[in-house]
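Residue numbers (the working numbering), protein chains in the order written: chain A, 358 to 605; chain B, 53 to 364. I have placed the structure first, in the form of structure tokens, so that the comments after it can refer back to it.
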Amino acid sequence: MKILVGYKRVVDYNVRIQVKPDGSGVITDGVKLSANPFDDIALEEALRLREKGVASEVVVVAIGPADLTAHIRNGLAMGANRAIHVVSDQPIEPLAAARVLHKLAEKEKPGLFLLGKQAIDDDANQTGQMLATLWGRPQATFAGKVDIADNVATVTREVDAGLETLEVDLPAVITADLRLNEPRFIKLPDIMKAKSKPIETIAIADLGVDTTAQLRISRHAPPPTRSRGVMVKDVAELVSTLKAKGLL
Amino acid sequence: MSKVLIVAEHFDGHLNAATARCVSAALALKAQSIDVLVLSDAPDAVAAQAAKLDGVSRVLTIANAANAAPIAQVLAPQIAKAANGYSHVFAPSTTFGKDLLPCVAALLGVAQISDVMAVEGSHVFQRPIYAGNAIITVQAPAAQTVVATIRTASWPAVAAAGNAPVEAITVEATLPTHTRYQGLQAGSSDRPDLQSAAKVISGGRGVGSAENFGIIYKLADKIGAAVGASRAAVDAGYVPNELQVGQTGKIIAPELYVAIGISGAIQHLTGIKDAGTIVAINKDAEAPIFEIADIGLVGDLFKIVPELEQAL
Numbered sequence: 358m359k360i361l362v363g364y365k366r367v368v369d370y371n372v373r374i375q376v377k378p379d380g381s382g383v384i385t386d387g388v389k390l391s392a393n394p395f396d397d398i399a400l401e402e403a404l405r406l407r408e409k410g411v412a413s414e415v416v417v418v419a420i421g422p423a424d425l426t427a428h429i430r431n432g433l434a435m436g437a438n439r440a441i442h443v444v445s446d447q448p449i450e451p452l453a454a455a456r457v458l459h460k461l462a463e464k465e466k467p468g469l470f471l472l473g474k475q476a477i478d479d480d481a482n483q484t485g486q487m488l489a490t491l492w493g494r495p496q497a498t499f500a501g502k503v504d505i506a507d508n509v510a511t512v513t514r515e516v517d518a519g520l521e522t523l524e525v526d527l528p529a530v531i532t533a534d535l536r537l538n539e540p541r542f543i544k545l546p547d548i549m550k551a552k553s554k555p556i557e558t559i560a561i562a563d564l565g566v567d568t569t570a571q572l573r574i575s576r577h578a579p580p581p582t583r584s585r586g587v588m589v590k591d592v593a594e595l596v597s598t599l600k601a602k603g604l605l
Numbered sequence: 053m054s055k056v057l058i059v060a061e062h063f064d065g066h067l068n069a070a071t072a073r074c075v076s077a078a079l080a081l082k083a084q085s086i087d088v089l090v091l092s093d094a095p096d097a098v099a100a101q102a103a104k105l106d107g108v109s110r111v112l113t114i115a116n117a118a119n120a121a122p123i124a125q126v127l128a129p130q131i132a133k134a135a136n137g138y139s140h141v142f143a144p145s146t147t148f149g150k151d152l153l154p155c156v157a158a159l160l161g162v163a164q165i166s167d168v169m170a171v172e173g174s175h176v177f178q179r180p181i182y183a184g185n186a187i188i189t190v191q192a193p194a195a196q197t198v199v200a201t202i203r204t205a206s207w208p209a210v211a212a213a214g215n216a217p218v219e220a221i222t223v224e225a226t227l228p229t230h231t232r233y234q235g236l237q238a239g240s241s242d243r244p245d246l247q248s249a250a251k252v253i254s255g256g257r258g259v260g261s262a263e264n265f266g267i268i269y270k271l272a273d274k275i276g277a278a279v280g281a282s283r284a285a286v287d288a289g290y291v292p293n294e295l296q297v298g299q300t301g302k303i304i305a306p307e308l309y310v311a312i313g314i315s316g317a318i319q320h321l322t323g324i325k326d327a328g329t330i331v332a333i334n335k336d337a338e339a340p341i342f343e344i345a346d347i348g349l350v351g352d353l354f355k356i357v358p359e360l361e362q363a364l
């Protein structure tokens, strides 16, 4: 079977983001960009399923501006067979992204659509669920373990109460949680090989789906700052400070 | 006027405290009515608990054997039908709500607002992005149903002194059979629940091993605190994953948070920013955790924690 993997480019997770002074957004100029960490995990899982013989082809799918090529080449260098780049100059809401991915699912007919559980920029945690709904297929979100046999995926999910197991018929949408795997590093020869792998580009307007933004962001603000705390010298002082605050 | 439908989260016949926090967010809208929807195979016990929540107008139940387990693709079509006539559909921003509500939003064809932390108007909300390093004000179209998950750490639970009527309803929805629930392996804990505890003691990589985590549990038990952990401690196998606090784990707001052997990565700080008082114990005086801690103590946790336990 074929696996499609959502592969978003975001501000690198180590960057401490700054809000623009006029509140119009966050500063992204000159800031390091990387693959969304959860998408790296999704891609790694797809590659492992191909190595196990469960999948025959892994396709990375990215939505974003024309300059996304270097990012997509990273996914190809990690091991994806080919890529689809849906070109959009506008930021895309999760529902619009899900509509785009649904179109690609109908066209490519994958056995599995793997995504990260959330993107670390908008922290929405919606796209995979919305895709499954539009596609009319099962979902297994926050996956910590995936086993596939006989067209059924058994997925252990990381939920608040512990670990939940679901069995879903394929095709399905699975979203990756942190502990699903440890993504591999990209090796130099693979970067060279990735240059000859195909990237199909599609203009978002050509997909015939409504991607108009519904939500209007009127203001970006820095989070409220906590006032500077005090340092205590020993346990006795710590205990008396906490008692004075009525916390012990 | 706002009419709010809140999807109740429950397990094993018990209403989750997160649902009472969603009622607070609905009250902030100055809603005309607040209804709680309980989907279950046997909803009566949970409905009775929801009926007590202050501010709730009605509790609606949909009883169906298919609702025995919280399978998002099974629940969502029923909620989307039940949402007819409501201006808002809320669920808690727990793994239950995060899994389920985007499916409802997709069925209604509307964008979802995740992790609502403040209400500015009936269709205007604040939510965090970039691991809580920016707060955006976001406006939903006035003509559409607002579908939103409620950030539990931002809202207090309403009291349970009410007495709302309970009504069983039926909806026409085709339910899929493509998903089978295989069970839950719950972390065994008789300690307070991490997300609702007034006090939380967390350990990080500095604790060093699963065995060493014993001193964290002992200290927590001494003051009746829940136990949490950083991602590093979970990844190292010191504690189970459901104890993880941070951007990708639980977002909590206890009165007292004690971080022990935790350096304070951005992703961890996201989970504790709303805590009342943050105490950091770390041997590295330069650790970022001290930048947000209200009280800091530099030193060896293996010396300090037993001393602290003695002193209490």
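Each residue gets a CB set at the ideal place from its N, CA and C atoms; glycine is no exception. Keep in mind the model is a prediction, meaning the values are calculated, not measured.
### Query
Any Cβ of chain A within less than 8 Å of the Cβ of Q130/B?
Residue 130/B sits at position 78 when you count from the first residue of the second sequence. No, Q130/B lies away from the interface with chain A (no Cβ there is under 8 Å from its Cβ).
### Message
Using the three-state DSSP reduction, which class does L89/B fall into: helix, strand or coil?
### Response
What you label residue 89/B is simply residue 37 of the second sequence in a count that begins at 1. Here L89/B sits in strand by DSSP.
### Message
Can you look up T6/B in the DSSP assignment and give me helix, strand or coil?
### Response
One cannot answer for residue 6/B here, as it falls past the ends of chain B, which runs 53 to 364.
### Task
Check E359/B in the structure and name its three-state DSSP category.
As a position in the second sequence, residue 359/B is number 307, starting the count at 1. DSSP places E359/B in helix when its eight states are reduced to three.
### Task
Report the residue from T322/B, L57/B and I275/B whose alpha carbon sits nearest the alpha carbon of A83/B.
Locating residue 83/B in the second sequence gives position 31, counting from the first residue. Nearest option by C-alpha distance: L57/B.
### Query
D167/B lies in the beta strand (DSSP E); which residues open and close that run?
Here the question's residue 167/B lines up with position 115 in the second sequence. Start and end: Q164 to V168.
### Within chain B, the residues that I384/A reaches when beta carbons sit closer than 8 Å
Along the first sequence, read from residue 1 onward, the residue named residue 384/A stands at position 27. Under the 8 Å cutoff, chain B gives no residues; its nearest Cβ is about 10 Å from I384/A.
#### Entry: P495/A at chain B interface by Cβ criterion, 8 Å
What you label residue 495/A is simply residue 138 of the first sequence in a count that begins at 1. Yes, contact with chain B.
### Message
Which residue wins for smallest C-alpha separation from E414/A, given the options P467/A, L523/A and D478/A?
### Response
Residue 414/A sits at position 57 when you count from the first residue of the first sequence. Among P467/A, L523/A and D478/A, the Cα nearest to that of E414/A is on P467/A.
### Message
According to DSSP, simplified to helix, strand and coil, what is N119/B?
### Response
For this step, residue 119/B is matched to residue 67 along the second sequence. The answer is helix: DSSP assigns N119/B an H, G or I state.
### Query
Taking DSSP as the reference, what is the three-state secondary structure of I398/A?
Here residue 398/A corresponds to residue number 41 of the first sequence, with the count starting at 1. The answer is helix: DSSP assigns I398/A an H, G or I state.
### Message
Tell me which residues of the stretch 457-472 of chain A have at least one Cβ-Cβ distance to chain B shorter than 7 Å, keeping chain order.
### Response
none
### G313/B beta carbon less than 8 Å from that of G255/B
Taking the second sequence and counting its residues from 1, one reaches residue 255/B at position 203. Taking the second sequence and counting its residues from 1, one reaches residue 313/B at position 261. Yes; because the gap between Cβ atoms is below 8 Å, this pair is in contact.
### Task
Can you give me the start and stop residues for the beta strand (DSSP E) that H428/A sits inside?
To locate residue 428/A, count along the first sequence from 1; it is residue 71. Note, H428/A: premise wrong, no beta strand (DSSP E); alpha helix (DSSP H) at T426 to M435.
### Task
Give the DSSP bridge partners of R439/A, in chain order.
One-based indexing of the first sequence puts residue 439/A at position 82. Paired residue(s): V416/A.
#### Entry: Contact list for L308/B against chain A, beta-carbon separation under 9 Å
By one-based count along the second sequence, residue 308/B stands at place 256. Near L308/B (Cβ distances below 9 Å), the residues of chain A are L599, K602, L604 and L605.
### Query
By the 10 Å Cβ neighbour count, where 16 or more other Cβ atoms means buried, how is H387/B classified, buried or exposed?
No answer is possible for residue 387/B: the residues shown for chain B start at 53 and end at 364.
### Extent of the continuous beta strand (DSSP E) run through D504/A
As a first step, residue 504/A is located in the first sequence; it is residue number 147 there, counting from the start. Looking at the DSSP string, the run of the beta strand (DSSP E) that includes D504/A is Q496 to A506.
### Task
With DSSP as the reference, label Q101/B as helix, strand or coil.
Position 49 of the second sequence, counted from the first residue, corresponds to residue 101/B. Residue state, collapsed to three classes: helix.
### Message
Taking the beta carbon of Q296/B as the centre, do at least 16 other beta carbons fall within 10 Å, making it buried, or is it exposed?
### Response
Residue mapping note: residue 296/B aligns to position 244 of the second sequence, counting from 1. Q296/B comes out buried.
### For E524/A, the first and last residue of its enclosing beta strand (DSSP E)
Here residue 524/A corresponds to residue number 167 of the first sequence, with the count starting at 1. Where E524/A is concerned, the enclosing beta strand (DSSP E) stretches over G519 to D526.
### Query
Can you find a C-beta in chain B that's less than 8 Å from the C-beta of D424/A?
For this step, residue 424/A is matched to residue 67 along the first sequence. By this cut-off, D424/A is not an interface position.
#### Entry: N334/B - DSSP class collapsed to helix/strand/coil
Within the second sequence, numbered from 1, the residue matching residue 334/B stands at position 282. Residue state, collapsed to three classes: strand.
### Through-space distance from K302/B to D517/A, alpha-carbon basis
As a position in the first sequence, residue 517/A is number 160, starting the count at 1. As a position in the second sequence, residue 302/B is number 250, starting the count at 1. Each residue's alpha carbon lies about 8 Å from the other.
### Query
Taking the alpha carbon of A80/B as the point to measure from, which residue in D64/B, V108/B and A60/B has its own alpha carbon closest?
Locating residue 80/B in the second sequence gives position 28, where the first residue counts as 1. The shortest Cα separation from A80/B among D64/B, V108/B and A60/B belongs to V108/B.
#### Entry: the stretch 207-222 of chain B contacting the stretch 111-127 of chain B, beta-carbon criterion three pairs below 8 Å
yes
### Query
Taking Cβ-Cβ distances shorter than 8 Å, what residues in chain B pair up with V589/A?
The residue labelled residue 589/A in the question sits at position 232 within the first sequence. Under the 8 Å cutoff, chain B gives I347, G348 and L349.
### Message
Could you pull the DSSP bridge partners for R110/B from this structure?
### Response
Taking the first residue of the second sequence as position 1, residue 110/B is located at position 58. R110/B pairs with D87/B.
#### Entry: Residue(s) in a DSSP beta bridge with K251/B
What you label residue 251/B is simply residue 199 of the second sequence in a count that begins at 1. According to DSSP, K251/B bridges with L308/B.
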